[in-house]
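Quick note on my numbering: the sequence shown kicks off at 20 and runs consecutively. As structure tokens, the structure follows; a few thoughts come after it.
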Amino acid sequence: MKQWVERTRRPEVVGGIGGFAGLFDASALRDYTRPLLATSADGVGTKVAIAQRLDKHDTIGFDLVGMLVDDLVVCGAEPLFMTDYIACGKVVPNRIAAIVKGIAEACVVAGCALLGGETAEHPGLLAADEYDLAGSTTGVVEAADLLGPERVGRGDALIAMRSSGLHS
20 MKQWVERTRR
30 PEVVGGIGGF
40 AGLFDASALR
50 DYTRPLLATS
60 ADGVGTKVAI
70 AQRLDKHDTI
80 GFDLVGMLVD
90 DLVVCGAEPL
100 FMTDYIACGK
110 VVPNRIAAIV
120 KGIAEACVVA
130 GCALLGGETA
140 EHPGLLAADE
150 YDLAGSTTGV
160 VEAADLLGPE
170 RVGRGDALIA
180 MRSSGLHS
């Protein structure tokens with residue numbers, strides 16, 4: 020898994036993989052006049068049941084990152100980094116690796132560092148083949164560029180894109 024996570028590295032990431040806290044050099048924000056940090060936490064909801072039913076776990080992480088990054092870009096923020104949380108009834112290494120690989124691949128696409136995460140085993144709370152997936156992400160937007168509903172007006176163009184599958 021380390022090789023996938025390493026691919027998400029941004030220049031502002033300090034240190035390596037495996038510490039208790041991920042570090043991001045905030046001095047990278049010095050070029051902003053008034054940087055606003057935007058943060059979002061989310062889970063994949065019932066889509067995890069589909070992944071479990073199909074025994075396909077390499078795409079659910081992509082869904083997670085998409086949901087988190089969508090929450091940032093809607094206000095104009097650039098995603099900087101994220102962390103993930105996988106709760107499972109039993110750690111199945113190949114399954115966890117597939118989930119993390121999907122998260123890392125999506126982070127590369129989004130330009131977002133996977134700064135850390137947690138995998139928690141909860142026997143008795145979750146069945147051995149069950150898991151849940153959540154994460155948190157942080158981004159930055161220049162205060163003057165903050166997007167909101169007040170900036171949408173009559174005559175603005177709407178762009179639709181083909182869906183790659185099930186989405187929230």
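Even for Gly, the Cβ is constructed at its ideal location relative to N, Cα and C.
Problem set entry | Host beta strand (DSSP E) of P54 (start-end) | Position 35 of the sequence shown holds residue 54. Per DSSP, P54 belongs to the beta strand (DSSP E) from 54 to 62.
Exercise. Helix or strand or just coil, what does DSSP make of P168?
Worked result: Taking the first residue of the sequence shown as position 1, residue 168 is located at position 149. Three-state DSSP puts P168 in a helix.
For this session: Taking only the alpha-carbon atoms, compute the straight-line gap between L134 and D175 and give it to the nearest angstrom.
Result: Taking the sequence shown and counting its residues from 1, one reaches residue 134 at position 115. Taking the sequence shown and counting its residues from 1, one reaches residue 175 at position 156. Near 36 Å, if we compare the C-alpha coordinates of D175 and L134.
Exercise. Would you report the Cα separation of F81 and L42, rounded to the nearest angstrom?
Worked result: Within the sequence shown, numbered from 1, the residue matching residue 81 stands at position 62. Within the sequence shown, numbered from 1, the residue matching residue 42 stands at position 23. Going by the C-alpha atoms only, they are around 23 Å apart.
Exercise. In angstroms, rounded to a whole number, what distance separates the CA positions of Y150 and A47?
Worked result: For this step, residue 150 is matched to residue 131 along the sequence shown. For this step, residue 47 is matched to residue 28 along the sequence shown. For Y150 and A47, the distance between alpha carbons rounds to 36 Å.
For this session: Using beta-carbon positions only, say whether T27 and V127 come within less than 8 Å of one another.
Result: As a first step, residue 27 is located in the sequence shown; it is residue number 8 there, counting from the start. As a first step, residue 127 is located in the sequence shown; it is residue number 108 there, counting from the start. For T27 and V127, yes; Cβs fall inside 8 Å.
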